[in-house]
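Protein chains in written order, with the numbering used here: chain A, 1231 to 1439; chain B, 1231 to 1439.
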DNA sequence: CGCACGGTTGACCTGTATCAAGCCGGGTGG
DNA sequence: CCACCCGGCTTGATACAGGTCAACCGTGCG
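The following block contains the structure:
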């Protein structure tokens, strides 16, 4: 696995608001996020955008490009970040010789499919508060696996981006935050979030979900 | 590519309403649909279901299982169908030696990601009629690439399944069908659909999408 | 034949969108 | 250093798409 460094190249810095790639760009590489957070968005014909992913350190973006030789979404840094560029040809070649890497590659790609299915579930059948609760719980879990606090974190997205991600409007997101806070389930201070009652949040999600 | 038959085993029949796999089943195989159609659904804790895919001959289901060693969704035959069972271990082994197959495997998995992103776009930002129009256009295109009529086909899902797939309720789907028919864009006779004005449908989708 | 299931349609309700006003905090320029 | 401005956020009032409930229809099957 250390041979990953061969293909990994150096860490490369990405400034806030900069993009790793744009829809239509020829697919050449995956990007392993070393530091920071990214959103992925797909653009509609009339210029609106739908946020399809919120990615943090340790995750990989660009997987959607493999199938088409072009990226279909855009990956935008939500803060100053660092990524490793994994040139796909080299990565695939290395994966060809290293079993563990090969399995992991399959795994990463497939997990992205599961993530998509979960988002479909969220977007297709949950109400606003439930979507937000699930979003927060999901973040909490991902922070936890990274060794950070699972009940206190800072969002890197604006209300509008969260809204797009959750298939809502920003006012609805704002209201949902307020309502969850009013019910004592979370504490909100701008983008700083504290989960006060995770089990109640889970129950909220479990009900209709 | 003919060697695919080695791993493909025989065509196996699946009766309408039967499932290829259930959520939680250990992942062993992909299924190449030879004949018929399948829906994939994810089940919610309280027993409700969200349709996440509508798959037809020539497509592959089960890709979501690779990452977890378990299937996360359920694949249900919507009519009597035939599939080829592709045992994944064997398939991966063969892909290891056959470049073209390897590329195709990556491609299939990755395309599933794109499909997910498009569904997120649909579920997150389109109104009922637009969702239905896009759904029909998508079907038309897939029938066309298979050599069937692109403007006349029979749906294999109930209104309720379509509704779940599109994040709506069955009554809304029914009304949307009626409205599109009233506007002269399609002709509906139960599950038999005729597209009368594809370009208008595309325009409808393009507007808000 | 008649039942059951899928589909359509109508009336009404509600959750979310839309429109609008105002707040807050941080960065900039006078 | 302060005033101002601007982007992000909250909150209220109202509109509307889609959900809900209910009645009815058609058809295919036991």
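Where is the CB? At the ideal position from N, CA and C, for every residue including glycine.
CB contact below 9 Å: residue i versus chain B
i, result
"residue 1259 of chain A", "no"
"residue 1338 of chain A", "yes"
"residue 1354 of chain A", "yes"
"residue 1402 of chain A", "no"
"residue 1330 of chain A", "no"
"residue 1351 of chain A", "yes"
"residue 1250 of chain A", "no"
"residue 1317 of chain A", "no"
"residue 1392 of chain A", "no"
"residue 1423 of chain A", "no"
"residue 1238 of chain A", "no"
"residue 1255 of chain A", "no"
"residue 1434 of chain A", "no"
"residue 1280 of chain A", "yes"
Among the options, the one whose alpha carbon lies nearest that of residue i
i, options, result
"residue 1424 of chain A", "A:1245, A:1403, A:1346 and A:1379", "A:1379"
"residue 1383 of chain A", "A:1426, A:1293, A:1348 and A:1404", "A:1426"
"residue 1301 of chain A", "A:1398, A:1257, A:1273 and A:1282", "A:1257"
"residue 1241 of chain A", "A:1254, A:1263, A:1252 and A:1253", "A:1263"
"residue 1436 of chain A", "A:1388, A:1406 and A:1352", "A:1352"
"residue 1280 of chain A", "A:1431, A:1306, A:1433 and A:1419", "A:1306"
"residue 1434 of chain A", "A:1420, A:1419 and A:1415", "A:1415"
"residue 1246 of chain A", "A:1432, A:1310, A:1411 and A:1413", "A:1310"
"residue 1354 of chain A", "A:1267, A:1369 and A:1396", "A:1396"
"residue 1319 of chain B", "B:1340, B:1335 and B:1346", "B:1335"
"residue 1284 of chain A", "A:1375, A:1407 and A:1349", "A:1349"
"residue 1277 of chain A", "A:1359, A:1286, A:1308 and A:1253", "A:1253"
"residue 1392 of chain A", "A:1409, A:1275, A:1365 and A:1412", "A:1365"
"residue 1440 of chain A", "B:1243, B:1431, B:1303 and B:1410", "Given a span of 1231 to 1439 for chain A in the structure shown, any question on residue 1440 of chain A remains unanswerable."
"residue 1195 of chain B", "B:1298, B:1373, B:1308 and B:1289", "Shown here, chain B extends from 1231 to 1439; a query on residue 1195 of chain B therefore has no answer."
"residue 1248 of chain A", "A:1313, A:1404 and A:1356", "A:1313"
"residue 1381 of chain A", "A:1337, A:1338, A:1332 and A:1431", "A:1431"
Exposed unless 16 or more other CB atoms sit within 10 angstroms - verdict on residue i
i, result
"residue 1315 of chain B", "buried"
"residue 1422 of chain B", "exposed"
"residue 1429 of chain B", "exposed"
"residue 1386 of chain B", "buried"
"residue 1361 of chain A", "buried"
"residue 1173 of chain A", "Missing from the structure shown is residue 1173 of chain A; chain A here goes from 1231 to 1439 and no further."
"residue 1401 of chain A", "exposed"
"residue 1192 of chain B", "Because chain B in this structure spans residues 1231 to 1439, residue 1192 of chain B falls outside the shown range and cannot be described."
"residue 1330 of chain B", "exposed"
"residue 1345 of chain A", "buried"
"residue 1371 of chain A", "exposed"
"residue 1375 of chain B", "exposed"
"residue 1323 of chain B", "exposed"
"residue 1295 of chain B", "buried"
"residue 1406 of chain B", "buried"
"residue 1412 of chain A", "exposed"
"residue 1359 of chain B", "buried"
"residue 1261 of chain B", "buried"
"residue 1394 of chain A", "buried"
Assigned secondary structure, residue i (DSSP; H/G/I helix, E/B strand, else coil)
i, result
"residue 1379 of chain A", "coil"
"residue 1264 of chain A", "strand"
"residue 1357 of chain B", "coil"
"residue 1388 of chain A", "coil"
"residue 1284 of chain A", "strand"
"residue 1415 of chain B", "coil"
"residue 1243 of chain A", "strand"
"residue 1435 of chain B", "helix"
"residue 1400 of chain B", "helix"
"residue 1278 of chain B", "coil"
"residue 1257 of chain A", "coil"
"residue 1296 of chain B", "coil"
Residue-chain proximity (residue i, chain A), Cβ-Cβ < 9 Å
i, result
"residue 1427 of chain B", "no"
"residue 1277 of chain B", "no"
"residue 1359 of chain B", "no"
"residue 1363 of chain B", "no"
"residue 1288 of chain B", "no"
"residue 1497 of chain B", "Residue numbering for chain B in the displayed model covers 1231 to 1439; residue 1497 of chain B lies beyond these limits and cannot be assessed."
"residue 1320 of chain B", "no"
"residue 1285 of chain B", "no"
"residue 1324 of chain B", "no"
"residue 1174 of chain B", "Any question about residue 1174 of chain B goes unanswered here, given that chain B covers just 1231 to 1439."
"residue 1295 of chain B", "yes"
Heavy atom of the ligand NAP within 8 Å of residue i beta-carbon
i, result
"residue 1333 of chain A", "The model depicted lacks the ligand NAP and carries no ligand whatsoever."
- request: Could you please tell me which residues of the stretch 1367-1388 of chain B, in chain order, have their CB closer than 9 Å to any CB of chain A?
  value: Residues: none.
| query | What residues from the stretch 1301-1312 of chain B come within 9 Å of chain A, judged by C-beta to C-beta, listed N to C? | reply | Taking 9 Å as the Cβ-Cβ cut-off against chain A, the residues of the stretch 1301-1312 of chain B that qualify are 1302 and 1303.
Near-chain B residues of the stretch 1263-1277 of chain A - C-beta to any C-beta below 9 Å
Listed by position along the chain: 1270, 1272, 1274, 1275 and 1276.
query = Any residues in the stretch 1404-1415 of chain B with a beta carbon nearer than 9 Å to a beta carbon of chain A? Which ones, in chain order?
reply = Taking 9 Å as the Cβ-Cβ cut-off against chain A, none of the residues of the stretch 1404-1415 of chain B qualify.
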